[in-house]
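The end of the sequence shown is residue 147 by the numbering used here, with every number in the run present.
The beta carbon of each residue, even a glycine, is placed where N, CA and C say it ideally should be.
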Amino acid sequence: MSSIYEIEVKKPSGEAISLETYRDKVLLIVNTASKCGFTPQFKELQELYEQYQAQGFEILGFPCDQFANQEFSDIEETLQHCQLNYGVTFPMYAKVDVKGDNASPLFQYVTAEKKGLLGSDVKWNFTKFLIDRQGRVVNRYAPQTNPSKLAASIEGLL
């Protein structure tokens, strides 16, 4: 795969959507979990989204249950949890695997483009990938990196 824009992801309804939809936008791709110690990061993610969305910034959330079963089994429960507890309005997609043999094509792509401290695998929930307007993965952030710390990097790409 030569471009992130060739990848399709699934909405919670199961409908496929091409990431071509997000061409020319700055993206932050995040694997999320509703019952994780990092779950309060949804608040800061939403704040970033509200601050920069009008300038061409999108956050794409991908629930994942690969780390200590910290995601609801029902995607509707996940969406409701995010909206009610953190006011999430950025796009949330269907639950995915982010590592291993069944890793989604999106996470296979971003982890191949930006390796982490311990290699390419996503090690935990709330790993974040910043994508520029040309679809290049420009940075990868560890789960413990607070989203507010990404503001300057996002502004630099907008």
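Discussion item. Could you check whether the region 14 to 21 touches the region 31 to 50, counting it as contact only if at least three pairs of C-beta atoms, one from each stretch, sit closer than 8 Å?
Written reply: By the C-beta criterion, the region 14 to 21 is judged to be in contact with the region 31 to 50, since at least 3 inter-stretch pairs fall below 8 Å.
Discussion item. Could you give the first and the last residue of the continuous beta strand (DSSP E) run that contains K(-1)?
Written reply: E(-3) to K(-1)
Discussion item. Please report the straight-line C-alpha distance between G89 and G124, rounded to a whole angstrom.
Written reply: 24 Å
Worksheet entry | Secondary structure of E95, DSSP reduced to three states | The question names Glu, but residue 95 in the sequence shown is Leu. Note: L95 maps to helix in three-state DSSP.
Worksheet item: Do V126 and E102 come within 7 Å of each other at the CB atom, strictly closer than that value?
Response: yes
Worksheet item: Exposed or buried, which one is E39 when buried takes at least 16 other CB atoms within 10 Å?
Response: exposed
Worksheet entry | Rounded separation between T116 and P1 - CA only | 20 Å
Fill in: As assigned by DSSP and simplified to three states, the class of P136
helix
Discussion item. Buried or exposed, going by whether 16 or more other CB atoms sit within 10 Å of the CB of N114?
Written reply: buried
Practice prompt. Please report the residue range of the beta strand (DSSP E) in which T67 lies.
Written response: It is not in any beta strand (DSSP E) - T67 instead sits in the alpha helix (DSSP H) that spans I64 to Y75.
Worksheet item: Roughly how many whole angstroms lie between the Cα atoms of N135 and Q35?
Response: 12 Å
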